[in-house]
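When the letters of the sequence shown are read in order and numbered with my numbering, they come out as residues 253 to 569. The C-beta atom is built at its ideal place from N, Cα and C for all residues, glycine as well. All figures in this text were calculated on a predicted structure; none of them were measured in a lab. Notes follow once the structure below has been shown.
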Amino acid sequence: MAAIKRTLPSLRDALHVATSLWLFTADDMFSIMIPNVVCSLLIAVTGSPFGPAIAYTQLAARTHAVVAWVWINLLFFNVSNQLQDESIAEDRENKPWRPLASRRISQPQARVLYMALWPTVWVISSLTGGILPSISLQLLGFAYNELQMGEQWWFRNCINAGGYISFLLGAVQAALGTFRLQYSELALRWLLLVAGAVTTGIHAMDLYDQVGDAKRERKTIPLVWGDRWARRSIVTSVSLVSLNAARAIGAGSSASAGPSIVLAAVIAARLTERAPACVREDKTTFKIWCLWIISLYLVPVLDTLIVRTTTMQPPRR
253 MAAIKRTLPS LRDALHVATS LWLFTADDMF SIMIPNVVCS LLIAVTGSPF GPAIAYTQLA
313 ARTHAVVAWV WINLLFFNVS NQLQDESIAE DRENKPWRPL ASRRISQPQA RVLYMALWPT
373 VWVISSLTGG ILPSISLQLL GFAYNELQMG EQWWFRNCIN AGGYISFLLG AVQAALGTFR
433 LQYSELALRW LLLVAGAVTT GIHAMDLYDQ VGDAKRERKT IPLVWGDRWA RRSIVTSVSL
493 VSLNAARAIG AGSSASAGPS IVLAAVIAAR LTERAPACVR EDKTTFKIWC LWIISLYLVP
553 VLDTLIVRTT TMQPPRR
């Protein structure tokens with residue numbers, strides 16, 4: 253009985269730590285974690301647009317590596333962002349469930365965690381693949397948080413684009429189990445397409461947080477350009493990117509951009525409604541925008557599958 257009583261506090265402490273780590277990354281499950289894990293594995297299986305493909309029998313083994321790489325890098329980036337004094341004050345109003353805002357852990361404890369994550373990220377990335385994208389994320393996080401470049405809309409959007417590309421490339425490297433990728437012309441065009449899409453549309457996540465950003469005096473596009481022009485710019489971005497996606501990367505089938513076009517139409521319809529802005533609706537729109545980014549990730553994959561299907565020879569009778 254005494255042993256059980258000693259064990260229970262240990263289990264509670266372990267659960268408390270695990271929950272705290274989860275809460276650091278919970279907000280980005282839909283925008284970063286799930287898209288990169290799923291899409292990188294599909295890219296690895298089809299071999300498009302980076303050439304070599306893994307066998308289906310390797311899928312389960314590589315899934316663990318991808319999940320580990322994406323989550324540990326996301327945790328590092330988010331701890332760096334959330335331990336800032338301004339971030340804690342903002343989160344207490346907008347996201348009070350976060351570990352520092354809810355006082356689950358103290359700021360000194362978060363700094364210790366941040367320093368401990370440096371070598372942890374390097375070790376995991378050196379085992380799974382994706383070391384250079386991991387370094388890229390660390391540099392971007394330093395620029396975003398320590399240099400406060402995330403407070404200006406232009407740098408904010410560009411750094412976010414770099415982050416999206418780094419997460420994607422790192423996840424693909426982890427899925428393929430390599431430290432280097434073969435960058436074909438298709439791959440380079442596709443990466444430029446995704447980077448352009450994020451740079452010109454990532455402020456969809458700023459639409460529903462204008463009150464908090466205004467209090468922090470953060471210069472996001474909705475606050476600098478105005479809400480109406482910010483929405484129009486997102487509509488323009490998703491429309492132009494989707495309609496030209498297949499042609500821009502040199503895909504063999506224009507149908508590969510079909511899901512992107514459909515989702516772009518949904519986003520455009522939501523953002524051009526005359527109803528007053530609503531935080532809940534804007535959050536939903538951002539989730540749809542995240543699905544739209546996923547559809548761009550999968551354009552080369554869909555193109556490969558469509559081309560393979562259409563070029564298959566019918567069985568002889």
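Are three or more beta carbon pairs between the region 350-370 and the region 427-434 nearer than 8 Å? Contact fails: fewer than three Cβ-Cβ distances are below 8 Å.
Can you give the Cα-Cα distance for residue 284 and residue 547, rounded to whole angstroms? If you draw a straight line from the Cα of residue 284 to the Cα of residue 547, it comes to about 14 Å.
Is the beta carbon of residue 277 sitting closer than 7 Å to the one on residue 330? Residue 330 is positioned such that its CB atom lies closer than 7 Å to that of residue 277.
So within the region 360-443, which uninterrupted alpha helix (DSSP H) runs reach at least 4 residues, ignoring any that extend past its ends? Counting whole runs of 4 or more residues, the region 360-443 contains the alpha helix (DSSP H) stretches 383-393, 405-428.
Between the Cα of residue 338 and those of 372, 470, 554, 305, spot the shortest distance and give me the residue it belongs to. Considering only alpha carbons, the answer is 470.
Name the residue from 484, 402, 399, 300 whose alpha carbon lies nearest to the alpha carbon of residue 525. Closest in C-alpha terms to residue 525, from the list 484, 402, 399, 300, comes 484.
If you count every other CB in all the chains shown that lies within 10 Å of the CB of residue 455, and 16 or more means buried, which is it? Per the 10 Å Cβ criterion, buried.
With contact counted as at least three CB pairs below 8 Å, one residue from each stretch, are the region 484-499 and the region 536-550 in contact? Judged by pairs of C-beta atoms under 8 Å, the region 484-499 touches the region 536-550, as three or more such pairs exist.
Minimum C-alpha distance to residue 376 - residue among 282, 347, 325, 509: The candidate whose alpha carbon is nearest that of residue 376 is 325.
Our contact map puts residue 504 next to residue 551 with C-beta atoms below 8 Å; I'd like the distance itself, whole angstroms only. A Cβ-Cβ distance of about 11 Å is found for the pair residue 504 and residue 551, leaving them out of contact under the 8 Å criterion.
Run through DSSP, which three-state label would residue 347 get? In this structure, residue 347 counts as coil in the three-state DSSP scheme.
Measure the alpha-carbon distance for residue 386 versus residue 532 and round it to whole angstroms. Using only the alpha carbons, I get a separation of about 33 Å.
Taking all protein chains shown into account, decide if residue 243 is buried (16 or more other Cβ within 10 angstroms of its Cβ) or exposed. The displayed coordinates of the chain run from 253 to 569. Any statement about residue 243 would go beyond what the structure contains.
Would you kindly work out how many angstroms separate the C-alpha atoms of residue 516 and residue 494, rounded to a whole number? So the two alpha carbons sit approximately 7 Å from each other.
If you count every other CB in all the chains shown that lies within 10 Å of the CB of residue 265, and 16 or more means buried, which is it? With fewer than 16 other Cβ atoms within 10 Å, it is exposed.
Within 7 Å, strictly: CB atoms of residue 426 and residue 382: The Cβ atoms of residue 426 and residue 382 lie closer than 7 Å to each other.
By how many angstroms is the C-alpha of residue 282 removed from the C-alpha of residue 553? Inter-residue distance for residue 553 and residue 282 is about 20 Å (C-alpha atoms, whole angstroms).
Residue 538 lies in the alpha helix (DSSP H); which residues open and close that run? Unbroken alpha helix (DSSP H) run through residue 538: 531-549.
The alpha helix (DSSP H) enclosing residue 464, as first and last residue numbers: Run containing residue 464: 462-468, per the alpha helix (DSSP H) assignment.
Taking the alpha helix (DSSP H) that residue 459 belongs to, which residues open and close that run? Run containing residue 459: none; DSSP gives neither H nor E here.
Below 8 Å, can you find three or more Cβ-Cβ pairs linking the region 470-480 to the region 447-462? In this structure the region 470-480 touches the region 447-462; the number of beta carbon pairs closer than 8 Å is three or more.
Tell me which residue opens and which closes the alpha helix (DSSP H) that residue 474 is part of. Secondary structure note for residue 474: its alpha helix (DSSP H) is the uninterrupted segment 473-476.
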